[in-house]
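So the structure is just underneath, and the comments pick up after that.
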Amino acid sequence: MPDETSLVRRAQQNDRNALEELFRINYPVLLGALVRITSDPRAAEDIAQETVLRAIVNLERYEPRAKFSTWLITIALNTRKNKLRTAWREVPSEEVFETNAEVESAEERALRHLAMDEAASLLDALGPEKRQVFVLKHYYGFKYQEIADAVGCPIGTVRSRLHDSVGILRREMARRGMT
Amino acid sequence: MNEDCRKVQEALLDLAYADPDAPNGGISAAGVAEHVKDCPECRDYADTLLAIASLLPTSQGEVSSSGDGHQAATDLATEGIYPDWARLDETIERGVRMRVARERRDIALFALTATGILTAVWVPLLAWSPRAFLGVQAVGFLGIALFYLPIHVLRERKGDAS
Chain E
1 MPDETSLVRR AQQNDRNALE ELFRINYPVL LGALVRITSD PRAAEDIAQE TVLRAIVNLE
61 RYEPRAKFST WLITIALNTR KNKLRTAWRE VPSEEVFETN AEVESAEERA LRHLAMDEAA
121 SLLDALGPEK RQVFVLKHYY GFKYQEIADA VGCPIGTVRS RLHDSVGILR REMARRGMT
Chain P
1001 MNEDCRKVQE ALLDLAYADP DAPNGGISAA GVAEHVKDCP ECRDYADTLL AIASLLPTSQ
1061 GEVSSSGDGH QAATDLATEG IYPDWARLDE TIERGVRMRV ARERRDIALF ALTATGILTA
1121 VWVPLLAWSP RAFLGVQAVG FLGIALFYLP IHVLRERKGD AS
């Protein structure tokens, strides 16, 4: 299997096969992170697809200091932030949730419930900002600096959000009798 | 929570999630162990970190995402989530088309700018006075040389000039 750096280099030179292989390897990692962060597989897939598009167009901006998947997840978080901002601007606050609830069919709801196991529901106890930091650190081993860059806040805030997440999970596990 | 507990809990977090960016809180592993033994709150915190590790296991595919995308895909499948590969192929196709279009647009923009400068500045200047044209060219080359020479010298001193 070719190493990631050479794949990226070839993809940057418009090698179509390298590009496809690069995304086939990294797409499940990207999608997995987004599903955990959003707890909504459908929204995660949409953001992941938009991320792939943006990544391909801006591929020469990638520098192999971090893993390719780290770069992808960073783009994905920015994409998500922009989407949320647009949604809040375009639709009055209560309607964002009402509309989503109406559009979601029974089948989709069932699929969503299937995908959300006990662990995922534990993560629901964290707010969106803490959940983002926790998922990137716990599941994906991002460095503090990488999380700070991706989320757009200082390292100290990242550390305190992670610390708070542990506290919230501790209370949640105790409440559910999991400890 | 007192200051010692705060430091110990931060150290425990850094031990659980080893990170090169983590600041050294000035507390040794032995100091942490000693404190945890005597402090129920910090012991509880350490137990929580262990419980999180076992309740929310991280797989090999996610942690070493540089190589094992197949593992990550398998993990997603166990959660009932399947990447939409057909849609991904379409997106890649669309991305490649957009990328090529952007490259072409950049080249066209560069050519247009170069042509514009050539026709608006250099051609009239040459028509007006070939001597002035040569003079301006000489000043331009001198300017470029003065700008790049120090950079070249500095790079050579650093040993990274090709």
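Here the protein sequences line up with chains E and P, keeping their order.
152 is the number that our numbering gives to position 152 of the first sequence; each next residue is one higher, with no gaps.
Positions in the second sequence are counted from 1; adding 1000 to them yields our numbering.
We put the CB at the ideal spot given by N, CA and C, even for glycine.
Collapsed DSSP secondary structure at residue i in the structure displayed
| i | result |
| --- | --- |
| SER160(E) | helix |
| LYS143(E) | coil |
| PRO128(E) | helix |
| LYS201(E) | No information on residue 201(E) is available, as it lies outside the stretch 1 to 179 that chain E covers here. |
| PRO64(E) | coil |
| ILE1092(P) | helix |
| ASN58(E) | coil |
| GLN49(E) | helix |
| LEU1056(P) | coil |
| TYR1082(P) | coil |
| ILE1027(P) | coil |
| SER39(E) | coil |
| TYR1017(P) | coil |
| ALA1022(P) | coil |
| PRO28(E) | helix |
| GLN13(E) | coil |
| ARG947(P) | Nothing about residue 947(P) can be read from this structure; chain P reaches only from 1001 to 1162. |
| PRO1040(P) | helix |
| ARG176(E) | coil |
| GLY152(E) | coil |
| ASP1047(P) | helix |
Under 8 Å between C-beta atoms of residue i and residue j
| i | j | result |
| --- | --- | --- |
| LEU31(E) | GLU45(E) | yes |
| ILE73(E) | ALA174(E) | no |
| LEU53(E) | THR1048(P) | no |
| THR1058(P) | HIS163(E) | no |
| GLN132(E) | ILE47(E) | no |
| LEU1146(P) | PHE1133(P) | no |
| VAL158(E) | TYR144(E) | yes |
| VAL35(E) | ARG1102(P) | no |
| SER69(E) | ALA120(E) | no |
| ALA1046(P) | LEU1012(P) | yes |
| ILE155(E) | LYS130(E) | no |
| LEU136(E) | SER165(E) | no |
| GLU1034(P) | CYS1005(P) | no |
| GLN12(E) | LEU84(E) | no |
Contacting residues, own chain, Cβ-Cβ under 8 Å from residue i (five flanking each side not counted)
| i | result |
| --- | --- |
| GLU20(E) | none |
| TRP71(E) | ALA55 and TYR62 |
| ASP1084(P) | none |
| PRO1130(P) | none |
is_contact[residue i, chain E] using C-beta, thresh 8 Å
| i | result |
| --- | --- |
| ARG980(P) | Nothing can be reported for residue 980(P): it is not among the residues displayed for chain P, which extend from 1001 to 1162. |
| ARG1163(P) | Absent from the structure is residue 1163(P), since the part of chain P shown begins at 1001 and ends at 1162. |
| GLU1010(P) | yes |
| ILE1027(P) | no |
| PRO1124(P) | no |
| ASP1084(P) | yes |
| ASP1019(P) | yes |
| ARG1102(P) | yes |
| SER1065(P) | With a pLDDT of only 39 at SER1065(P), under 50, the local geometry of the prediction cannot be trusted, and no value is derived from it. |
| ILE1081(P) | yes |
| ARG1087(P) | yes |
| ALA1108(P) | no |
| ALA1022(P) | yes |
| LEU1192(P) | In this structure chain P extends from 1001 to 1162, so residue 1192(P) is not present and cannot be described. |
Same chain, Cβ closer than 7 Å to residue i, five either side skipped, listed in chain order
| i | result |
| --- | --- |
| VAL7(E) | Per the sequence shown, the amino acid found at residue 7(E) is Leu instead of Val. Contacts found: ALA18, GLU21 and LEU22. |
Cβ-heavy atom distance, residue i to the ligand MG, below 7 Å
| i | result |
| --- | --- |
| ALA174(E) | Within the structure as shown, the ligand MG is missing, as the structure has no ligands at all. |
Within-8 Å CB hit, residue i to chain P
| i | result |
| --- | --- |
| GLU129(E) | no |
| ILE37(E) | no |
| ILE56(E) | yes |
| ARG170(E) | yes |
| GLU63(E) | no |
| LEU34(E) | no |
| PRO154(E) | no |
| VAL166(E) | yes |
| LEU162(E) | yes |
| VAL151(E) | no |
Close beta carbons around residue i, own chain, < 6 Å, minus the five adjacent residues each side
| i | result |
| --- | --- |
| LEU77(E) | ALA150 |
**OP:** Output, in sequence order along the chain, the residues in the segment 1033–1059 of chain P whose CB is closer than 9 Å to any CB in chain E.
**Re:** The residues in question are ASP1044, TYR1045, ASP1047, THR1048, LEU1049, ALA1051, ILE1052, ALA1053, LEU1055, LEU1056, PRO1057, THR1058 and SER1059.
Original post:
If you measure beta-carbon to beta-carbon, which residues of the segment 132–148 of chain E are closer than 8 Å to chain P?
Top reply: Result list: LYS137, HIS138, TYR139, TYR140, GLY141, LYS143, TYR144 and GLN145.
**OP:** Give, in chain order, every residue of the segment 1131–1143 of chain P whose Cβ lies closer than 8 Å to some Cβ of chain E.
**Re:** Taking 8 Å as the Cβ-Cβ cut-off, the segment 1131–1143 of chain P has no residue approaching chain E.
Original post:
If you measure beta-carbon to beta-carbon, which residues of the segment 9–25 of chain E are closer than 7 Å to chain P?
Top reply: When C-beta distances to chain P are compared with 7 Å, the residues of the segment 9–25 of chain E below that value are ARG16, LEU19, GLU20, PHE23, ARG24 and ILE25, in chain order.
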